[in-house]
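J.: Take a look at the following structure, please.
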Amino acid sequence: MAASTKDSGDRAVPAPAGRPRASAKGEQTRARLIAAARTLLAGEMSERFTTRNVAALCGVSHGMCHYHFQDRTDLVLAVIADIRPEWITPLEAAVSDPGTFARRAERVVELLARPEGAELSHLHSALHWQALNDARVRESLEAEYRRWRACFVALFQVLADERGGGLDPRPLGLAVAAAVDGLAAMDSLGADGGTGPVLRTLLRTLAAGA
78 MAASTKDSGD
88 RAVPAPAGRP
98 RASAKGEQTR
108 ARLIAAARTL
118 LAGEMSERFT
128 TRNVAALCGV
138 SHGMCHYHFQ
148 DRTDLVLAVI
158 ADIRPEWITP
168 LEAAVSDPGT
178 FARRAERVVE
188 LLARPEGAEL
198 SHLHSALHWQ
208 ALNDARVRES
218 LEAEYRRWRA
228 CFVALFQVLA
238 DERGGGLDPR
248 PLGLAVAAAV
258 DGLAAMDSLG
268 ADGGTGPVLR
278 TLLRTLAAGA
């Protein structure tokens, strides 16, 4: 049903086109619910992740939680979207900002060499577990990873453009993405993988041999 407002005579009239449907207070409540969902998913008792527990942690009624999110899958999908600015958007910016391949590659190395926060690391693990049991979560998370892997392909497209063609950026970009995944897994276990030096060496070697 279209949103509506009331005029001075209490007659319902259509809301102006483009007006947000949710109130500022509603958006704040939604954001608080997402934050609570993140806390539960990233915690040591992620099995307690239910809409009821999210609502309790947020300090709102269970019904209010379901007003904003149909079910717990909707909450998980919201968390996936919420963390995008923390891991995908910065990588996209590092690749798309102006500069040569070498300069962009160095920005990527500097970004990925920073330690990932404990909450984000735990969230990624929890989201992968959720994806094993929920097709909607799996589809959404895979879409995020496709976007993430595309950054590395775009990076090598810059190299291909600099060299005037003849270079296929896709296998090179996907190889680096796989290597970064492996380094992240090592780091999550507390191993000193030396992400920066390893990744820098890999990028330079692939670029020189391409």
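Taking the working numbering, I'd label the letters of the sequence shown as residues 78 to 287. For glycine and all other residues, C-beta sits at the position ideal for the given N, C-alpha and C. No experiment lies behind these values; they were computed from the predicted model shown.
For L209, count the other beta carbons within 10 Å of its own beta carbon; 16 or more makes it buried, fewer makes it exposed. Which is it?
T.: Working through the sequence shown from its first residue, we reach residue 209 at position 132. Of the other Cβ atoms in all chains shown, fewer than 16 fall within 10 Å of the Cβ of L209; this residue is therefore exposed.
J.: Do F229 and L244 have their CB atoms nearer than 8 Å?
T.: If you number the sequence shown from 1, residue 229 lands on position 152. If you number the sequence shown from 1, residue 244 lands on position 167. Result no, Cβ atoms of F229 and L244 do not sit closer than 8 Å.
J.: Should V156 go down as buried or exposed, given a rule of 16 or more other Cβ atoms within 10 Å for buried?
T.: To locate residue 156, count along the sequence shown from 1; it is residue 79. V156 should be labelled buried.
J.: By DSSP, does Q105 sit in helix, in strand, or in coil?
T.: By 1-based counting over the sequence shown, the position of residue 105 is 28. Note: Q105 maps to helix in three-state DSSP.
J.: On the criterion of 16 or more Cβ atoms from any shown chain inside 10 Å, does S138 qualify as buried, or is it exposed?
T.: In the sequence shown, counting from the first residue as 1, residue 138 sits at position 61. S138 is exposed by the Cβ-count criterion.
J.: Since L232 and A182 should fall inside the 8 Å C-beta cutoff, what is the C-beta to C-beta distance between them, to a whole number of angstroms?
T.: Sequence index remark: in the sequence shown, residue 232 carries index 155 (1-based). Sequence index remark: in the sequence shown, residue 182 carries index 105 (1-based). Contact flag correct, Cβ pair sits at about 6 Å.
J.: Can you have a look at R96 and say buried or exposed, based on whether 16 or more other CB atoms are within 10 angstroms of its CB?
T.: Taking the first residue of the sequence shown as 1, we reach residue 96 at position 19. Reliability fails at R96, whose pLDDT of 38 lies under 50, so the model's placement of it is uncertain and the value that follows must be treated cautiously. With fewer than 16 neighbouring CB atoms inside 10 Å of its own CB, R96 falls in the exposed class.
J.: If you measure between the beta carbons of A256 and L236, is that distance less than 8 Å?
T.: Start at 1 with the first residue of the sequence shown, and residue 256 comes out as number 179. Start at 1 with the first residue of the sequence shown, and residue 236 comes out as number 159. The answer is no: Cβ separation not under 8 Å.
J.: Grab the span of the alpha helix (DSSP H) containing G286 for me, first residue to last.
T.: Locating residue 286 in the sequence shown gives position 209, counting from the first residue. Per DSSP, G286 belongs to the alpha helix (DSSP H) from T272 to G286.
J.: I'd like the span of the alpha helix (DSSP H) that includes A170, first residue to last.
T.: Position 93 of the sequence shown holds residue 170. Its alpha helix (DSSP H) spans residues T166 to S173.
J.: Measuring straight from C-alpha to C-alpha, what distance separates L241 and A101?
T.: Taking the first residue of the sequence shown as position 1, residue 241 is located at position 164. Taking the first residue of the sequence shown as position 1, residue 101 is located at position 24. Sequence inspection shows Gly at residue 241; the Leu mentioned does not correspond to that position. One alpha carbon belongs to G241, the other to A101, and they sit about 51 Å apart.
J.: Any idea what DSSP makes of I157, helix, strand or coil?
T.: Your numbering for residue 157 matches position 80 in the sequence shown. Three-state DSSP puts I157 in a helix.
J.: Measure the beta-carbon distance from R213 to L283 and round it to whole angstroms, keeping in mind my assumption that it falls under 8 Å.
T.: Locating residue 213 in the sequence shown gives position 136, counting from the first residue. Locating residue 283 in the sequence shown gives position 206, counting from the first residue. R213 to L283, Cβ: 36 Å. No contact.
J.: So what's D151 in DSSP terms, helix, strand or just coil?
T.: Indexing the sequence shown from 1 puts residue 151 at position 74. Residue state, collapsed to three classes: helix.
J.: Buried or exposed: which applies to T166, given that a residue is buried once 16 or more other Cβ atoms fall within 10 Å of its Cβ?
T.: Translated into the one-based positions of the sequence shown, residue 166 becomes position 89. Flag for T166 reads exposed.
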